[in-house]
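Engineer: So for the sequence shown, the numbering used here puts the first residue at 12; every next one is plus one.
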Amino acid sequence: MVGVKNNRRAQMTKRIIQESLINLLHENNSSLNEITVTAVCKAADVNRGTFYAHYKDVPDCMHSMEKSVSAELLAAITFTERQDSWETVLTGILGVVKKNYAVASYILSNDHDFLMHFLSSTKNKILEQDKKINSNLGINESQYMYEFYLNGIVGVIRYWLKNGLQESPEELARIINDC
12 MVGVKNNRRA
22 QMTKRIIQES
32 LINLLHENNS
42 SLNEITVTAV
52 CKAADVNRGT
62 FYAHYKDVPD
72 CMHSMEKSVS
82 AELLAAITFT
92 ERQDSWETVL
102 TGILGVVKKN
112 YAVASYILSN
122 DHDFLMHFLS
132 STKNKILEQD
142 KKINSNLGIN
152 ESQYMYEFYL
162 NGIVGVIRYW
172 LKNGLQESPE
182 ELARIINDC
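(1) Measuring straight from C-alpha to C-alpha, what distance separates Leu172 and Ile118?
(2) Taking the alpha-carbon of Ala50 as reference, which of Lys25, Ser31, Cys72 and Tyr63 has the nearest alpha-carbon?
(3) Counting Cβ pairs, one atom from each stretch, are 3 or more of them under 8 Å apart for the stretch 98 to 116 and the stretch 179 to 186?
(4) Using beta-carbon positions only, say whether Thr133 and Ile88 come within less than 9 Å of one another.
(5) Would Ala86 and His37 qualify as a contact pair, given that the criterion is a beta-carbon distance under 9 Å?
(6) Output the distance between the C-alpha atoms of Gln29 and Asn147, rounded to the nearest integer angstrom.
(7) Nearest CA to the CA of Asn111: which residue from Val80, Tyr160 and Asn162?
(8) Please classify Ser116 as buried or exposed, where buried requires at least 16 other C-beta atoms within 10 Å of its C-beta.
(9) Can you grab the Cα-Cα spacing for the pair Glu152 / Ala64, in whole Å?
(10) When the Cα of Leu35 is compared with those of Tyr160, Val107, Val48 and Phe159, which residue comes out closest?
(11) Taking the alpha-carbon positions, what's the Ile175 to Val107 distance?
(12) Near Ser41, which residues of its chain fall below 7 Å by C-beta distance, leaving aside the five closest residues on each side in sequence?
(13) Between Thr61 and Cys72, what straight-line distance do the alpha-carbon atoms span, to the nearest angstrom?
(14) Could you check what DSSP says for Glu178 in three-state terms: helix, strand or coil?
(15) Report yes if the C-beta distance between Leu70 and Asn44 is below 9 Å; otherwise report no.
Structure (structure tokens):
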């Protein structure tokens, strides 16, 4: 499978490059703009040609990780929208956040553009789900409730990440749902 862009070795190389970028961001408490391709390559133990075979620059590498997490979150929301409780939806979302701890930590603390884009892209899907669960609310009330819960949930997830994910996704979903 030599030459195939998505073969197992290529996927592993991309993962190592991505992990190296995240580690550099956390270790040096740097912004994305301060990290160079050279630093990522050195940390990942790959040459620049290998990096450029997969990404055009450091922000492109981060964007690739964001797209991947976004796709997983959308899949979790889509899968759970057939369920009848917010706790089930939250458990799916929190499971994705836990699985992608390093990227989620960066996104929730630094990448407000990505977060806002993702939240606005899922708003209608979540409001539709909310109509099934809270059918007695009007659209205006649903939108206020969405904003209230969304900002609270993002705050709780940030706190959860900052404290090292001590609770399981199921336990945290139960705590949020019971509030």
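Beta carbons: idealized from backbone N, C-alpha and C, even for Gly.
Small disclaimer: the values here were computed from a predicted structure and weren't measured.
Structural biologist: Looking at the atomic coordinates:
(1) Each residue's alpha carbon lies about 11 Å from the other.
(2) Ser31
(3) yes
(4) yes
(5) no
(6) 45 Å
(7) Val80
(8) buried
(9) 49 Å
(10) Val48
(11) Checking the displayed sequence, the identity of residue 175 turns out to be Gly instead of Ile. Rounded to the nearest angstrom, the two C-alpha atoms are 15 Å apart.
(12) Leu35
(13) Each residue's Cα considered, the two are about 13 Å apart.
(14) It is coil, neither helix nor strand.
(15) The sequence as given places Pro at residue 70; Leu does not occur at that position. The answer is yes: Cβ separation under 9 Å.
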